[in-house]
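Report on the following structure.
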Amino acid sequence: MLTHALAAVPQGVLLPESVVLSAPFKILAAFVAINTVMYGTLAIAKTLPKVHPPSWFGGRNRRAQNRSIVPDTPGSES
Numbered sequence: 000m001l002t003h004a005l006a007a008v009p010q011g012v013l014l015p016e017s018v019v020l021s022a023p024f025k026i027l028a029a030f031v032a033i034n035t036v037m038y039g040t041l042a043i044a045k046t047l048p049k050v051h052p053p054s055w056f057g058g059r060n061r062r063a064q065n066r067s068i069v070p071d072t073p074g075s076e077s
């Protein structure tokens with residue numbers, strides 16, 4: 000007889016419908032959804048290779064003159 004009483008209750012229902020449809024529950028569900036998307040995005044971003052923006056611009060930012068401590072001599076070029 001106990002099995003018949005349990006069979007009448009829907010499986011998987013944890014909270015009554017009035018709680019699930021309430022405003023605080025909807026706010027909590029929205030927070031959890033946004034939080035899940037953010038952490039998923041961060042996890043995917045960590046798996047991607049690093050981006051180095053200075054390498055996008057090539058040799059534009061090179062000096063016109065050698066500023067080294069050791070000066071270039073005219074005959075030492077290889």
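When we follow numbering that gives the first Met the number 0, the leftmost residue of the sequence shown carries the number 0, and every step to the right adds one. Don't be surprised by glycine CBs; every beta carbon is placed ideally from N, CA and C. All figures in this text were calculated on a predicted structure; none of them were measured in a lab.
Is ALA42 near the ligand SAM, in the sense that its beta carbon is under 7 Å from a heavy atom of that ligand?
Within the structure as shown, the ligand SAM is missing, as the structure has no ligands at all.
Can you grab the Cα-Cα spacing for the pair LEU41 / HIS51, in whole Å?
18 Å
Determine the DSSP secondary structure at LYS49, reduced to helix, strand or coil.
coil
Could you give the DSSP three-state label for ASN65: helix, strand or coil?
coil
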